[in-house]
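Note that the protein sequences, when read in sequence, are chains D and R.
Count the first sequence with our numbering and you get residues 1 to 316, in order.
Count the second sequence with our numbering and you get residues 1001 to 1285, in order.
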Amino acid sequence: MIEVAGLSKRYGQKLAVDDLTFQVRPGIVTGFLGPNGAGKSTTMRMMLDLDRPTAGAVRIDGKRYTDLKDPLTYVGALLDAKALHGGRSAYNHLLCLAQSNGIPASRVGEVLDTVGLTAVAKKRSKGFSLGMGQRLGIAGALLGDPQILMFDEPVNGLDPEGIHWIRNLMKSLAAQGRTVFVSSHLMSEMALTADHLVVIGQGRLLADTSMADFIRTNSRSYVRLRSPQQERLRDVLHQAGITVVTAGNGTLEVDGVASEQLGELAAQHQLVLHELSPQQASLEEAFMQLTAGSVEYHAHSEPASGQGWGSTGGEN
Amino acid sequence: MTTPSTPQAQYGSVSAPEQQWQAQTGYVSPVPLRRATLKDALASEWTKIRSVRSTLWNFAVMLALVLGIGTLIALALSRRDMPPGESAVALGFVGVLLGIMPVMTLGVMTISSEYGTGMIRTTLTACPSRARVLGAKAIVFAALTFVVTLVATTLVSAVLLFSLGGRTTGALWGWATVGVSAYVALIGLFALAVGALLRHSAGAITLMIGFVLLPLVLALFLAASPMHGLQDFLLEYSIPSQLGVFYGTSMVQGAPGGWEALGIMGGLTAVFLGLAFFVQDRRDV
Ligand SMILES: Nc1ncnc2c1ncn2[C@@H]1O[C@H](COP(=O)(O)OP(=O)(O)OP(=O)(O)O)[C@@H](O)[C@H]1O
Ligand SMILES: [Mg+2]
């Protein structure tokens, strides 16, 4: 169990983490979501006592991280795949970590096998690909066979097979009763792995909910209708007591009524339909809406003609 | 890359009743646990220092400088060149003075490379006591440097004495080997402290080279000026002349002796290492 209480972190002028309070419970995978720069990595660094909080505290099973006597057997963390000395072999990297916590050296071979790096154990990690580095970082997190696992964007740089492996790994770790806390930008990825969600934006807590609840409230299912006789269709639906929302592009959207019923209703009134399609709002859209107000680093799309460069160019 | 085995297989050894019990209390590892101590940190740092090439390279350069220059001197001079009353052992000085450079480099790198690569985050996650990490690094590095320097100075002293002859006292022999090695280890430790404070390899190494060479260079420039007091001070306490003390050569009259030189370097190192311990606990990594 990880408890975060009133956690804040200020870097100069910038408030990177702003009064976060939440808990990460054992036995489930907790997804930690937020757009770029939301403060996920900063929060994780503070959980591990690498960065000192400006305010608030983190407790791991009631203890401060610094008070853990053999932390690797308690908490395994993957922060950054490149948080290692590239000149050292994978084996020696893990060996020095194991030794610092009094973990038997035999565990090194075991975790290397788990992540599939046995063949390159004696190679210097400098030459590793991003995905291999990620696997080595995961091996380090598993070294002490800890009850709490923390992964900062673990699927970064992994191939589809690797992503699949990581998903199953996290689920099975949680199924064994461990606490699994994993950050990501990708709602779709989390929907597949996480049981619980903590969403932050600009350092503030936006949501702390179970995945099932999040899906229920955010994945609105509705039926989209398009007809050349839109006005009549509207009236018909209205008379039938069905609420209609006019969406863009001349389409109508209806919540909570099956598409079959709507089709039959239109047929009865001899209305032509160009579209009758059940829709499901994606979780990704829901996530983007949730964090819309707190996205710091917006990309700007190429200016359309008549705007930006185009218009100034014309005046010359 | 090989196909990763499934994690289920990894933890499959947990027995069924144990697993039931875990369902209520969270996961309990089958890996035997015990509290980590400074001894574990020392073992870890020993693995780290022996598993990177810069250790090998820096010590190789140091050995080459100390032994190479000593041997060249032994070959270039003959027994007749030795002034009466002088010991050939003292000629090892030049090699050791240059050999300090790679030792300082390694001292800096031992800590700053962890910051440069990001390894420090992994290290401190494994051992949250920053004092223990820095302490273990300092002990391992200093001990290793002392031993390697002792081997180098003993060998070069023996070569010089054997080929150039002359008489030597037990005291001079002791200072030129054990004393010098302790002094070199202290300078290395000082470099490690500077590396821990600056966290930047190139910056810290440059600073250390300046620390060794600048006072002497400055003193030479001051020769033309009336500031004799300052010049004498710089000459006396610059690292090269402090090192010379161990060989019984000294640039100015009344310069401090071997114990004093060790005391000065030890004090300086203690202050900077103390500062590093103090500062690192207050910084983010
Ligand atoms: N050491 C630091 N010094 C100054 N500012 C920092 C530092 N670390 C993080 N920040 C700032 O704090 C904010 C949060 O950064 P953080 O890395 O925690 O975000 P994140 O959620 O992990 O983002 P991403 O998804 O891109 O990894 C950012 O705006 C970043 O610029
Ligand atoms: Mg991040």
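All residues carry an ideal CB built from backbone N, CA and C; glycine is no exception.
| query | result |
| --- | --- |
| Three-state secondary structure (DSSP) of Ala-1060 (chain R) | helix |
| Validate contact between the stretch 186 to 206 of chain D and the stretch 19 to 38 of chain D using beta carbons, cut 8 Å, 3 pairs | yes |
| Chain D contact residues for Ala-1036 (chain R), given Cβ-Cβ distances below 7 Å | Lys-69, Asp-70, Ser-100, Asn-101 and Gly-102 |
| Residues with C-beta closer than 7 Å to any heavy atom of ligand 2, in chain order | D:Lys-40, D:Ser-41, D:Asp-152, D:Glu-153 and D:Ser-183 |
| Under the three-state DSSP convention, the category Ser-210 (chain D) falls into | strand |
| CB contact below 8 Å: Asp-213 (chain D) versus chain R | no |
| Any non-hydrogen atom of ligand 1 closer than 7 Å to His-185 (chain D) Cβ | yes |
| Exposed unless 16 or more other CB atoms sit within 10 angstroms - verdict on Trp-1021 (chain R) | Because the pLDDT at Trp-1021 (chain R) is just 39, under 50, the model does not fix this residue reliably, and the value given afterwards should be weighed accordingly. Classification for Trp-1021 (chain R): exposed. |
| Straight-line Cα distance separating Ile-1205 (chain R) from Tyr-11 (chain D) | 29 Å |
| Bridge-paired residues (DSSP) for Pro-278 (chain D) | D:Val-223 |
| Cβ neighbours of Arg-319 (chain D) in the same chain (closer than 7 Å, five flanking residues each side left out) | No answer is possible for residue 319 (chain D): the residues shown for chain D start at 1 and end at 316. |
| Unbroken stretches of the alpha helix (DSSP H), 4 residues or longer, contained in the stretch 158 to 209 of chain D | 160 to 175 and 187 to 193 |
| Neighbouring residues, chain R, relative to Asp-49 (chain D) (Cβ below 9 Å) | Leu-1124, Thr-1125 and Pro-1128 |
| Cβ-heavy atom distance, Tyr-11 (chain D) to ligand 1, below 7 Å | yes |
| Cβ distance (whole Å) where Leu-143 (chain D) is taken to contact Leu-72 (chain D) below 8 Å | 6 Å |
| Distance cut-off 7 Å: Gly-31 (chain D) Cβ against heavy atoms of ligand 1 | no |
| Near ligand 1: Gly-1107 (chain R) beta-carbon under 7 Å from a heavy atom | no |
| Exposure of Pro-1017 (chain R), with buried meaning 16 or more beta-carbon neighbours within 10 Å | Note that Pro-1017 (chain R) scores a pLDDT of 39, beneath 50, so its modelled location is shaky; the value from the coordinates is reported in the next line. When all chains shown are included, Pro-1017 (chain R) counts as exposed. |
| The stretch 1237 to 1249 of chain R in contact with the stretch 1206 to 1221 of chain R per 3-pair CB rule at 8 Å | yes |
| Contacting residues, own chain, Cβ-Cβ under 8 Å from Gly-211 (chain D) (five flanking each side not counted) | Just to set this straight, residue 211 (chain D) is Met in the shown sequence, not Gly. Gly-31, Met-190, Ala-191, Ala-194, Asp-195, His-196 and Leu-197. |
| Ala-267 (chain D) beta carbon near ligand 1 (any heavy atom closer than 7 Å) | no |
| Reference Ser-1029 (chain R), options D:Leu-7, D:Leu-48, D:Ile-60 and D:Val-75, closest by Cα | D:Val-75 |
| Exposed unless 16 or more other CB atoms sit within 10 angstroms - verdict on Val-1279 (chain R) | exposed |
| Residue environment, Pro-53 (chain D), which counts as buried when at least 16 other CB atoms sit within 10 Å | buried |
| Closer than 8 Å at the beta carbon, the chain C residues around Thr-217 (chain D) | Given the protein chain composition of this structure (D and R), no chain C is represented. |
| Minimum C-alpha distance to Leu-1186 (chain R) - residue among R:Gly-1210, R:Val-1133 and R:Leu-1273 | R:Leu-1273 |
| Test: Gly-1118 (chain R) CB closer than 8 Å to a CB of chain D | yes |
| Alpha helix (DSSP H) segment containing Asp-67 (chain D), residue limits | Looking at the DSSP string, Asp-67 (chain D) is not in any alpha helix (DSSP H), and its letter there is neither H nor E. |
| Supposed contact pair Ala-81 (chain D) and Gly-133 (chain D) - C-beta distance, whole angstroms, cut 8 Å | 4 Å |
| Asn-36 (chain D) Cβ short of 7 Å to ligand 1 heavy atom set | yes |
| C-beta atoms of Gly-1195 (chain R) and Gly-1116 (chain R) nearer than 8 Å | no |
| Cα-Cα separation, Tyr-1247 (chain R) to Phe-1277 (chain R) | 34 Å |
| Cβ shell of Met-170 (chain D) (< 7 Å), same chain only, five flanking positions each side left out | Val-29, Val-180, Val-182 and Thr-193 |
| Given 8 Å, three or more beta-carbon pairs between the stretch 1090 to 1100 of chain R and the stretch 1066 to 1075 of chain R | yes |
| Contact under 8 Å by Cβ, Phe-22 (chain D) with Asp-208 (chain D) | yes |
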